[in-house]
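Working notes, beginning with the structure itself.
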Amino acid sequence: MPRTVQAVTRTKLPLWAKFICAALGILFAGIGMSSFLVGGSMRNVIIPILLGATMIYISGYERSMYIDEKGVSKENSFWGQRKVQHVPWDEIVDARIILNKGKKIYAIFHGNMPLWPFTFLPEQEEALIAMVTEKMDAEDIRIER
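Residue numbers (our numbering): 18 to 162.
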């Protein structure tokens with residue numbers, strides 16, 4: 018079974034919040050459109066439509082970042098369309114893990130292209146260090162306490 022260490026930098030609303038956000042977005046966009054149809058001022062039209070469109074956009078967006086046996090990955094999902102950016106371990110030049118005294122753990126990977134900073138919980142320290150040391154050489158890993 019493949020091991021995965023999920024980063025904290027995950028943007029995912031709970032299902033109830035998505036429904037409320039989408040419903041309010043549709044409501045605000047509808048109010049703006051009805052103001053437009055009855056000949057209201059542009060101020061009464063633009064603001065509700067932009068607010069509604071933003072709420073609908075937010076309710077469909079998810080982001081997750083994780084490391085696994087294949088490499089490091091960042092996954093963006095927008096209303097069911099997924100975009101996965103994956104960098105395999107052999108393209109990662111070095112890693113820097115910052116242990117922040119009981120607070121969050123930061124992992125920064127450097128490769129041929131700019132990579133994203135990862136944030137992990139203190140409970141994930143052993144799993145994170147084990148995964149990185151298993152996949153990379155010891156001289157390429159720098160752990161700061």
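Even glycine gets a Cβ: it sits at the ideal position worked out from N, Cα and C.
Remember, it's a predicted structure, so these values are computed and weren't measured experimentally.
Three-state class that DSSP yields for residue i in the structure shown
i: Leu145; result: helix
i: Asn93; result: strand
i: Arg159; result: strand
i: Gly119; result: coil
i: Gly57; result: coil
Delimiting residues of the alpha helix (DSSP H) encompassing residue i
i: Leu54; result: Leu32 to Leu54
Residue interval of the beta strand (DSSP E) (run including residue i)
i: Val104; result: Gln98 to Pro105
i: Arg80; result: Tyr78 to Asp85
i: Asp111; result: Ile109 to Leu116
i: Val22; result: Thr21 to Gln23
Exposed unless 16 or more other CB atoms sit within 10 angstroms - verdict on residue i
i: Ser51; result: exposed
i: Ser58; result: exposed
i: Val110; result: exposed
i: Lys29; result: exposed
i: Ile84; result: buried
Backbone CA spacing between residue i and residue j [nearest angstrom]
i: Ala144; j: Ile115; result: 14 Å
i: Met18; j: Met148; result: Reliability of the predicted coordinates at Met18 is poor, the pLDDT of 46 falling under 50, and the value obtained from them is presented with this limitation in mind. Rounded to the nearest angstrom, the two C-alpha atoms are 14 Å apart.
i: Tyr78; j: Phe36; result: 13 Å
i: Pro131; j: Arg162; result: 24 Å
i: Phe95; j: Glu142; result: 30 Å
i: Ala155; j: Arg80; result: 30 Å
i: Phe45; j: Ser76; result: 14 Å
i: Trp33; j: Gly49; result: 24 Å
i: Ile146; j: Leu68; result: 43 Å
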